[in-house]
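Chains as they are written, first to last, in the UniProt record's numbering: chain V, 1 to 96; chain H, 1 to 96; chain A, 1 to 96; chain X, 1 to 96; chain G, 1 to 96; chain B, 1 to 96; chain L, 1 to 96; chain W, 1 to 96; chain R, 1 to 96; chain E, 1 to 96.
Virtual Cβ for every residue (Gly too), placed ideally from N, Cα, C.
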């Protein structure tokens, strides 16, 4: 099932540079692993913001929650979730 | 270039049924033509709402505006637009 | 899967009484059928408002959307949806 | 009487790990005790958020307030309360 | 139990004068009856607005809801409800 | 004259316990003195929140402001003020 | 006593021109009479909006409410009221 | 030209008392000088809030900005600005 | 002086086509005349919305207000105004 | 392509003066370089706020994002972006 997830990152101004760098590196590694597994199906940067729009493809709500909780930046993100379903006008087979 | 477009439809309660049906049929026909042309790259229904999340792929802002203006339901929709760009962690070639 | 759905009804002031009565009767009949089927798992009135808080139990987003679209009052309701999952502190087996 | 309570947890970024762990352990213990007593009737995680939706069953407003005040995470939560009552379309005996 | 209820009246501009006058007369009669019964314990006008702040004293949420639903102006009001309880610093016996 | 005052307390998480206790003790003492003087006419806790709804009875705006400024918790509170006046349907003599 | 009142006029698009003209003429006449009486102490247009910022000088909340209710445009206005008092840095005698 | 300026002061809880006192003393001195110069034409306290409503009379936007920037409390204030102009119903010569 | 003006047009769904066409034609004619006069210095469409961002260059607030009031679409627009001034980092002579 | 960018600067109160001065100096230098290159086409201060309204002229969303990310004050700014396109009533050749 598909979920529209919007994440805005708010790192504290006083977070040490190396802590931030480590968080970002681990976030990137996990984001790429989840893309390879087909879980994080789309990932776009919102121009001008430290934020992204993502489409997740997971079997259920619990898997979505567990996946987001595993993100190293989770404690520093504002997250909104919209459940998506097939649009009657869609022509794409994978937009379930 | 990619744009994230969220559309919420608000048809007036007193719109005659046949007018609404005609609007929706023409909207669907154009939406499918634009998908075939690669302009309306993704189209999802937001579960529980008369609303969609879409990704448009057009050469510039003006083309986006003209495309949205051509939608028969345009006068009845609340539309928000976010410009998207490639995310540094993205692995997908077509997420420019 | 469980969804938290909040519905606020906004009937137009000039809706004829018999039309409103018919809508409400059909809404009630369907709401009770969906409860008997286990789909509309909880249904509470919010005190002081023409609104309810509901828990739906459906296999996926698409079924949720189709179910809500079938409600006779759907065109007159503001609806918000939250996907729910099991809370790590929950003791109740059916709070998946 | 039933109350719909939505709690969003906002732990400060600089809260020591062991303090947070202790708070969460005590919160969980009390949450489970209140569930066993029938006071915390439903408890769901909102997918993607450090937040829950709960239904409390207490004799009056004062008991609700005292119960929420006893939660170890109370100082770190945004809480909204909606009084619930029986919906005329409800078929469930315990949805008073 | 006590409830803080704020009501804002929004009469449609095209409501016939005599209909409005009848609604207001019946609203006033019921408001005064409920005050005499001790149910509508306080009633104040908010200066500069067609709105009031009220304190209701009813045995439970359901009675509050039924009471508000009986108000002739109910369909034309925005209503917010806050459950109140005794404040630890209160000296007044009837502020339960 | 009557004023509806809603106060929400936001104590910083790192306020030393004894400072908070002292603030609260002095707040309570002053709140009770002002009740005895007839200035703080009503005081209710909002269930589930560290907040209150109050009715103040003072001769003018300046006295209201000076009274609120004297509260030890004033620097830690969000305060909203609504001027109240007699409602045409009120039966209570003291709801001026 | 002084009150800061902000009024935004929202005339319905289908209000007959002569009705609107009559409302505005009567509004202007009363506004000027209240200025002459010293009640409507200041009156400014907000540039670019059909709205004004005003300072009223009346003995109490009830007089403010009755005065605003007498305005012919009252049913078509969104009104917000702020009670004002003397600022400790003010040098003007009439800013009570 | 006239500008409506609303300022809300938000001093950090951990600002040393003597720093706050110095800021306030310098703010007051400058506010009074600007009143004497006819620049800060009106200054009122909003009852119950650490906030003011002010009317500034300056030749242009740049002077307004420079004047506000000179206020010692500027870094601690939320400021909103509305350009004002003469209201067609105004009788006061100095409400340009 | 420069003003940032954002205008969103909300034409009623039942406005006759020829009335709308006439309004738009007169709006366009006046917009172009004001551009030629140097008053409406910049005019951009916001992509995807029936809205524009504009920069006006007028001697004072009153001229801005009178200019906006003359726009045929004024009654159908939501307008927000921000006074602009020279930025200390600007290199452009005409960004006063 | 043109983008409307609004930036509000929120420097932490405890940022050392010399750090803030260095940030601002580097921000100014880059802002002026980008103006000389024709990228930062317009730059205005919003009167009364530590904020600006800007028009950027860049080939695509990615360049906009990279440009904004290079600003030394980026981590301390709230930024909103609106894609602009030519308005049908515009007479200016460079308002593409």
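Taking residue i as the query, report the chain V residues whose CB atoms sit under 8 Å from its CB, ordered along the chain.
i: residue 92/A; result: Near residue 92/A there are no residues of chain V at all, since even the closest Cβ is about 15 Å away, more than 8 Å.
Are residue i and residue j closer than 8 Å when you measure CB to CB?
i: residue 57/B; j: residue 2/B; result: yes
i: residue 52/V; j: residue 64/V; result: no
i: residue 50/V; j: residue 9/V; result: yes
i: residue 34/H; j: residue 67/H; result: yes
i: residue 4/V; j: residue 55/V; result: yes
i: residue 75/E; j: residue 13/V; result: yes
i: residue 41/X; j: residue 62/G; result: no
Just to check my reading of the structure: residue i and residue j have Cβ atoms closer than 8 Å, yes? What is that Cβ distance to the nearest angstrom?
i: residue 46/X; j: residue 84/A; result: 6 Å
i: residue 20/G; j: residue 11/G; result: 6 Å
Is there a Cβ from chain C that is less than 8 Å from the Cβ of residue i?
i: residue 72/X; result: In the structure shown, chain C does not exist; the protein chains are V, H, A, X, G, B, L, W, R and E.
List the residues of chain E whose Cβ lies closer than 8 Å to the Cβ of residue i, in chain order.
i: residue 86/H; result: 62
Residue i versus chain R: which residues are under 7 Å apart at the beta carbon?
i: residue 68/H; result: 48
Against residue i, what residues of chain H qualify as contacts under a CB-to-CB distance less than 9 Å, listed in chain order?
i: residue 42/V; result: 42, 55, 90, 92 and 95
Which chain A residues are close to residue i, counting only those with a beta carbon under 7 Å from its beta carbon?
i: residue 65/G; result: 45, 47 and 48
i: residue 81/G; result: 47 and 48
Starting from the beta carbon of residue i, find every residue of chain L whose beta carbon is closer than 9 Å, and list them in chain order.
i: residue 104/R; result: Outside the shown range of chain R (1 to 96) lies residue 104/R, about which nothing can therefore be said.
What in chain B is Cβ-close to residue i, meaning under 8 Å?
i: residue 5/X; result: 48
What residues match up with residue i in a beta bridge as DSSP calls it?
i: residue 17/W; result: Note: residue 17/W sits in no beta bridge, so no partner.
i: residue 42/R; result: 55/R
i: residue 83/G; result: 3/G
i: residue 69/G; result: Residue 69/G pairs with nothing; no bridge assigned.
i: residue 78/A; result: 8/A
Taking C-beta pairs closer than 9 Å, name the residues in chain V that residue i reaches, listed in chain order.
i: residue 23/H; result: Near residue 23/H there are no residues of chain V at all, since even the closest Cβ is about 13 Å away, more than 9 Å.
Residue i versus chain V: which residues are under 7 Å apart at the beta carbon?
i: residue 31/H; result: 89
Which residues in chain R have a C-beta closer than 9 Å to the C-beta of residue i? List them in chain order.
i: residue 1/W; result: 1, 60, 61 and 62
Please list the partners that residue i has in chain G, where partner means a Cβ-to-Cβ separation under 9 Å.
i: residue 16/L; result: Within 9 Å Cβ-Cβ: nothing; residue 16/L doesn't reach chain G, min ~12 Å.
Can you list the residues of chain G that residue i reaches, using a CB-CB cut of under 7 Å?
i: residue 26/B; result: Correct list: empty, because the minimum Cβ distance to chain G is about 11 Å.
Residue i versus chain G: which residues are under 8 Å apart at the beta carbon?
i: residue 51/A; result: Result: empty, since nearest Cβ-Cβ is about 10 Å, beyond 8 Å.
Can you name the residues of chain X whose CB is closer than 7 Å to the CB of residue i?
i: residue 20/B; result: Per Cβ cutoff of 7 Å: no residues; residue 20/B is ~10 Å from chain X at best.
Query - Inter-stretch contact at 8 Å, needing at least 3 Cβ pairs: the segment 22-30 of chain G / the segment 64-74 of chain G - result: Enough Cβ pairs lie closer than 8 Å, so yes.
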